[in-house]
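In the numbering used here, the protein residues as written are 2 to 171. Beta carbons are placed, not taken as given, at the ideal position from N, Cα and C, and that holds for glycine. Model, not experiment: these values are computed from the prediction. Please read the structure below before turning to the comments.
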């Protein structure tokens, strides 16, 4: 329902679909303005930092950006190369960093992307309860996770156990 509303409102502009609790113009959450705790008077006049560490970090960031852009270009190329006109929903288990790096059973949420010949776009999140708590998982929790992923065509995760894999393949 939320996805349909966002699609209708989008028009020619890109909507931010990832934000849930942030306020870009303030410190704190909605209804909790903490701006007075962080005034300009609290900022020191001279800032000391290690220029070598800063440069090394910039190189790491530049490398990560190149990797992300290469992966993005490759993914978009593969999507556009398909003959299919239909769109697919893909759920991704991630710890962040633009990578598929979360175990299926450890995920607290899945990022959901729409993949179509037009490209790839984030359309939302599916919150789930962690299924795997260090070995086995509980059936009731797994059923809830599977239900939350209803309508998803592809699930990408770093690892997955046999039971969830079997249930998802049905």
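I'd like to confirm the pairing. Which residues does DSSP put opposite residue 117 in its beta bridges?
120
In angstroms with no decimal places, state the Cα-to-Cα distance between residue 93 and residue 42.
43 Å
If I follow the unbroken beta strand (DSSP E) through residue 91, where does it start and stop?
89–93
Check each candidate in 163, 140, 77, 90 and name the one with the smallest Cα separation from residue 152.
90
What's the call for residue 106, buried or exposed, on a 16-neighbour Cβ count within 10 Å?
buried
For residue 161, which of helix, strand or coil comes out of DSSP?
The answer is coil: DSSP assigns residue 161 none of H, G, I, E or B.
Between 141, 117, 134, which lies nearest to residue 84 when the distance is taken from Cα to Cα?
Comparing alpha carbon positions, the residue from 141, 117, 134 closest to residue 84 is 117.
For residue 154, which residues in the same chain have their Cβ closer than 8 Å to its Cβ, ignoring the five residues on either side in sequence?
If we look at residue 154 and ignore the five residues flanking it on each side, its Cβ neighbours are 89, 90, 91.
By Cβ distance below 8 Å, which residues in the same chain neighbour residue 98 in space, the five residues on each side in sequence not counted?
65
According to DSSP, is residue 139 helix, strand or coil?
coil
Taking the runs of the beta strand (DSSP E) that are 3 residues or longer, which of them lie wholly in the segment 34–113?
89–93
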